[in-house]
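> Pasting a structure here, questions to come.
Number of protein chains: 2
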Amino acid sequence: MKKEELMRRAIALAVENVRQGGGPFGAVIARNGEIIAEGVNRVTAHNDPTAHAEVQAIRAACEKLSTFDLSDCEIYASCEPCPMCLGAIYWARLHHLFFAATQHDAAEANFDDAFIYREIALPHSFRHLPTEHMTTAEAGEPFRLWNAKTDKVAY
Amino acid sequence: MKKEELMRRAIALAVENVRQGGGPFGAVIARNGEIIAEGVNRVTAHNDPTAHAEVQAIRAACEKLSTFDLSDCEIYASCEPCPMCLGAIYWARLHHLFFAATQHDAAEANFDDAFIYREIALPHSFRHLPTEHMTTAEAGEPFRLWNAKTDKVAY
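Chain order of the listed sequences is D and R.
Going by the working numbering, the first residue of the first sequence is number 1, and it counts up by one from there.
Going by the working numbering, the first residue of the second sequence is number 156, and it counts up by one from there.
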């Protein structure tokens, strides 16, 4: 499939998801023009605020391919990913992102994407989310153990 | 439980997770000093790049409380959340974030948190992730349907 067809599929998933009672977002993960996995927004249906279309597609693709590394795949999102989903795309190491609608389109439909982008760029003390850095003696222990571990599975 | 105890629990989860072969991260979600749910990093164990400790804790808390809105809860993270997890915290509407180790501690242990924070703040064309905005006639259709829907479950 060509990239225009893959994007139309992501948008069609979003349209169908609204008809089914879900949020207006769809995503497709492809490799060499072939669809590996699809995702739609399932936040309210699954009581899972992380169940955005891109996250759902990433989870499904990783499960299908038995890997946590999608560096040979690309993602087509019906809308520009929010910071959570963009972070997930980086962690999954997808090699290319295509999107159609923008975060401003999402904001006009009352989704918080643009607000969260602004928040994440701010120092803690300027964010709406009250944030406290608690320094404790134990804080470094998990990393000390991790760094010393010789048989760890890095990611 | 006091907040110092809740944070020590999050760090203890991270330490135990390294011993079990997972990543060095733990998180606790609490309400009025009572633990609602816990999470540890399961990226490599579950082949799920989104299975960070905070995301796991959010999913578990939402499942336990049968809601996608954790606005009466707070989160204790053994390490400063990455952008994906911070986004998830905003979407879950947690009212307070406490963290111990910083994103710079994570970077010293070769985790990409600080890199992803820098990337997300950049315009698309300056990011390492090749990103393409595809404008198509259908792009606005999911939002048009969503805005017109009178019985939608907003989130």
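Ideal Cβ positions, reconstructed from N, Cα and C, are used throughout, including at glycine.
1) Check whether the Cβ of D/V40 lies closer than 8 angstroms to any Cβ atom in chain R.
2) Any beta carbon of chain D sitting closer than 8 angstroms to that of R/K157?
3) Below 8 angstroms on C-beta distance, what does D/P123 contact in chain R?
4) So who's on the other strand from R/V183, going by DSSP bridges?
5) Have a look at R/N187, R/G194, R/E189, R/T222 and flag the residue whose alpha-carbon is nearest the alpha-carbon of R/P179.
6) Work out the CA separation of R/I244 and D/A137 for me, nearest whole Å.
7) Anything in the region 82-105 of chain D with a Cβ closer than 9 angstroms to a Cβ of chain R? List those residues in chain order, please.
8) With distance defined between alpha-carbon atoms, name the residue in D/P49, D/G87, D/I29 nearest to R/S226.
9) Counting Cβ pairs, one atom from each stretch, are 3 or more of them under 8 angstroms apart for the region 252-259 of chain R and the region 92-110 of chain D?
10) Go ahead and label R/F223 buried or exposed: buried means 16 or more other beta carbons lie within 10 angstroms of its beta carbon, across all protein chains shown.
11) Which same chain residues end up closer than 6 angstroms to R/R186 when comparing Cβ atoms and leaving out the 5 residues on each side of it in sequence?
12) Hey, quick one: how far does the alpha helix (DSSP H) through D/A101 stretch, first residue to last?
13) Going along the chain, which residues of its own chain have a beta-carbon closer than 8 angstroms to the beta-carbon of R/K106, five neighbours each way excluded?
14) Tell whether a beta-carbon distance below 8 angstroms holds between D/S78 and D/I36.
15) Mind listing the chain R neighbours of D/I58? Cutoff is C-beta to C-beta under 7 angstroms, in chain order.
16) If you compare alpha carbons, which of D/L65, D/Y117, D/A106, D/H104 is closest to D/P83?
17) Rounding to the nearest angstrom, what Cα-Cα distance links R/A215 and R/N196 in this structure?
18) Grab the span of the alpha helix (DSSP H) containing D/H46 for me, first residue to last.
19) Identify the residues that DSSP records as bridge partners of D/H133: which are they?
20) Counting contacts by CB-CB distance shorter than 8 angstroms, is R/T286 in contact with chain D?
21) So which residues of chain R does D/F68 contact, with C-beta pairs closer than 9 angstroms?
22) Excluding five sequence neighbours on each side, which residues of the same chain lie with their C-beta closer than 8 angstroms to the C-beta of D/F115?
23) Nearest to D/I158 by CA position, among D/S125, D/K64, D/V15, is which residue?
This is what the structure gives:
1) So, not an interface residue.
2) Cβ-Cβ to chain D under 8 angstroms: no for R/K157.
3) Under a criterion of Cβ atoms nearer than 8 angstroms, no residue of chain R is adjacent to D/P123; the nearest Cβ is some 11 angstroms distant.
4) R/E193, R/Y231.
5) The shortest CA-to-CA distance from R/P179 to any of R/N187, R/G194, R/E189, R/T222 is the one to R/G194.
6) It is roughly 25 angstroms from the alpha-carbon of D/A137 to the alpha-carbon of R/I244.
7) Contacts with chain R (Cβ-Cβ distance below 9 angstroms) from the region 82-105 of chain D involve C82, P83, M84, C85, L86, G87, A88, I89, Y90, W91, A92, R93, L94, H95, H96, L97, F98, F99, A100, A101, T102, D105, listed in chain order.
8) Nearest option by C-alpha distance: D/P49.
9) No, because fewer than three Cβ pairs between the region 252-259 of chain R and the region 92-110 of chain D fall closer than 8 angstroms, the two stretches do not touch.
10) R/F223 comes out buried.
11) Close CB contacts of R/R186 within its chain, under the 6 angstroms cut and outside five residues either way in sequence, are with D227, C228 (chain order).
12) No alpha helix (DSSP H) contains D/A101, which is instead part of the beta strand (DSSP E) from 96-101.
13) Within the shown structure, residues of chain R are numbered from 156 to 310, placing residue 106 of chain R beyond reach of any answer.
14) Going by C-beta atoms, D/S78 is not nearer than 8 angstroms to D/I36.
15) P204, T205, listed in chain order.
16) Ranking the options by Cα distance to D/P83, first place goes to D/Y117.
17) One C-alpha to the other measures close to 13 angstroms.
18) Residues 43-46.
19) Under DSSP, the beta-bridge partners assigned to D/H133 are R/F254.
20) It does; some Cβ of chain D falls within 8 angstroms.
21) V198, T199, H201, N202, D203, P204, A206, listed in chain order.
22) Taken in chain order, the residues that qualify are A107.
23) The requested residue 158 of chain D is not part of the displayed model; chain D covers only 1 to 155.
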